[in-house]
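Read in my numbering, the sequence shown has 763 at position 249, and its numbers run on one by one without any break.
By construction, the Cβ of each residue, glycine as well, lies at the ideal position given by its N, Cα and C atoms.
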Amino acid sequence: MSDENEHDEELMSVDELQQHGINVNDILKLKQAGICTVQGVQATTRKNLLKLKGLSEDVCAKMLPPTFATAAEISIKRENVCYISTGSKAVDAMLGGGIQTQSLTEVYGEFRTGKTQLCHTLCVTTQLPLDMGGASGKVAYIDTEGTFRPDRIKAIAERFGVDAHTVAENVVCGRAWSSEMQCDMLTELAQRFVDDRSYKLLIVDSVMALFRSDFSGRGELSERQQKLNQFLSRLAKVAEEFASINIAVLMTNQVQADPGAAAMFAAASSAKPIGGHVLAHASATRMQLRKGRGDERICKLVDSPDCPEGEATYALHTGGWEDV
Numbered sequence: 515m516s517d518e519n520e521h522d523e524e525l526m527s528v529d530e531l532q533q534h535g536i537n538v539n540d541i542l543k544l545k546q547a548g549i550c551t552v553q554g555v556q557a558t559t560r561k562n563l564l565k566l567k568g569l570s571e572d573v574c575a576k577m578l579p580p581t582f583a584t585a586a587e588i589s590i591k592r593e594n595v596c597y598i599s600t601g602s603k604a605v606d607a608m609l610g611g612g613i614q615t616q617s618l619t620e621v622y623g624e625f626r627t628g629k630t631q632l633c634h635t636l637c638v639t640t641q642l643p644l645d646m647g648g649a650s651g652k653v654a655y656i657d658t659e660g661t662f663r664p665d666r667i668k669a670i671a672e673r674f675g676v677d678a679h680t681v682a683e684n685v686v687c688g689r690a691w692s693s694e695m696q697c698d699m700l701t702e703l704a705q706r707f708v709d710d711r712s713y714k715l716l717i718v719d720s721v722m723a724l725f726r727s728d729f730s731g732r733g734e735l736s737e738r739q740q741k742l743n744q745f746l747s748r749l750a751k752v753a754e755e756f757a758s759i760n761i762a763v764l765m766t767n768q769v770q771a772d773p774g775a776a777a778m779f780a781a782a783s784s785a786k787p788i789g790g791h792v793l794a795h796a797s798a799t800r801m802q803l804r805k806g807r808g809d810e811r812i813c814k815l816v817d818s819p820d821c822p823e824g825e826a827t828y829a830l831h832t833g834g835w836e837d838v
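Structure representation (structure tokens):
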């Protein structure tokens, strides 16, 4: 792994708040809520801070002073952004280099389009040097469907000529069995990222599976969307909160049939991502995967703040995502 980059000192633990008059007990309450950095405090609303038992309005006001930055200062922070290769040069080119750090990316598509395959490929490419399309860092993986396979990582590592054992040692994976456990794992990872600043990628595969099973009835839809919104908000904040250590966040999503689209437009895809508008607005970049002819797969860039819409083809092989 690479040495901590020159921006690491910007990531401040909430323990630093003691120097600004916040007592130890209040700081402990923040940590128990998964808020482990000063940046995390700044990304939390006063309303949500007040929900933490024992925090007064005066303390919250002291924690959340108004902050502004010039465009030049923001530009300097953005200079640290890097791009993690998907394994396909064509897809990387469409994305401007690959999966972007300091940002949340959603990948959705039907089965056998390579969503989990992409996750396994990124587990390896993230650990490559910068000049090889990597980020020289570790990977954290939240597996909600039981599809994480260390053997796949070994095969992909062999393709890129890196030691499979070392690669496996630098990937931590948690198996979530419920949406509540999924949320708890994200909270736990926030503290891990503070303690070990060599993590460069967080994967959630997949984001909606457990929310669908835990909240199945129409009467529970409102509660599901509320819980989902809270999780997605925290997930997006991880990318921003830990921007100084350059973490990329990627989540996969399932699709469902959309007969209306197929009926209106013959060429339209009859599948749409699940999760509704709550999920649609959560990510900065959205990628749709679909099957092409034979072994060909197509990746469409649906939304991005940096790149125009486009399509690129890729194939699924033993070594992960590759060019056709």
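Per DSSP, the bridge partner or partners of G568: Beta-bridge pairing links G568 to no other residue.
Proximity of V573 and I613 at Cβ, strictly below 8 Å: no
Rounded separation between G611 and M722 - CA only: 27 Å
Cβ pair C821, L815 closer than 8 Å: Against a cut-off of 8 Å, the Cβ pair of L815 and C821 comes out as a contact.
Backbone CA spacing between S617 and T799 [nearest angstrom]: 8 Å
Anticipated Cβ contact below 8 Å, C687 with Y655, distance rounded: 4 Å
Touch test, the stretch 634-644 against the stretch 669-687, Cβ-Cβ under 8 Å, three pairs minimum: yes
Close Cβ partners of K567 (< 8 Å) along its chain, the five nearest in sequence each way excluded: K543
Short Cβ contact (8 Å threshold) for A604 with T766: no
With 16 other Cβ atoms within 10 Å as the buried cut-off, status of M646: exposed
Selected residue, minimal CA-CA separation from S693, among V708, L715 and D657: D657
K751 beta carbon less than 8 Å from that of A557: yes
A777 (DSSP reduced to helix, strand or coil): Any reading at A777 is ruled out, since the residue's pLDDT is 49, under 50, leaving its predicted position unreliable.
E810 versus V769 - alpha carbon distance: So the alpha carbons of these two residues sit roughly 19 Å apart.
Alpha-carbon spacing of R626 relative to A547, whole angstroms: 37 Å
Range covered by the beta strand (DSSP E) that runs through T627: Run containing T627: none; DSSP gives neither H nor E here.
Proximal residues to L716 (C-beta, below 7 Å), its chain only, five neighbours per side dropped: A654, L703, V752, I761 and V763
E711 to R673 span [Cα, whole Å]: Before going further, note that residue 711 is Arg rather than Glu in the sequence given. Rounded to whole angstroms, R711 to R673 spans 27 Å at the Cα level.
Which listed residue (L563, K561, K565 and D529) has its alpha carbon closest to that of K552: The displayed chain sequence assigns Val, not Lys, to residue 552. The shortest C-alpha separation from V552 is found at D529.
Residue(s) in a DSSP beta bridge with M646: In DSSP, M646 forms no bridge with anything.
Unbroken stretches of the alpha helix (DSSP H), 4 residues or longer, contained in the stretch 749-830: Counting whole runs of 4 or more residues, the stretch 749-830 contains the alpha helix (DSSP H) stretches 773-778 and 790-794.
Helix, strand or coil at Q614 according to DSSP, with G and I counted as helix: strand
Option in V595, S747 and S527 with minimal Cα separation from L644: V595
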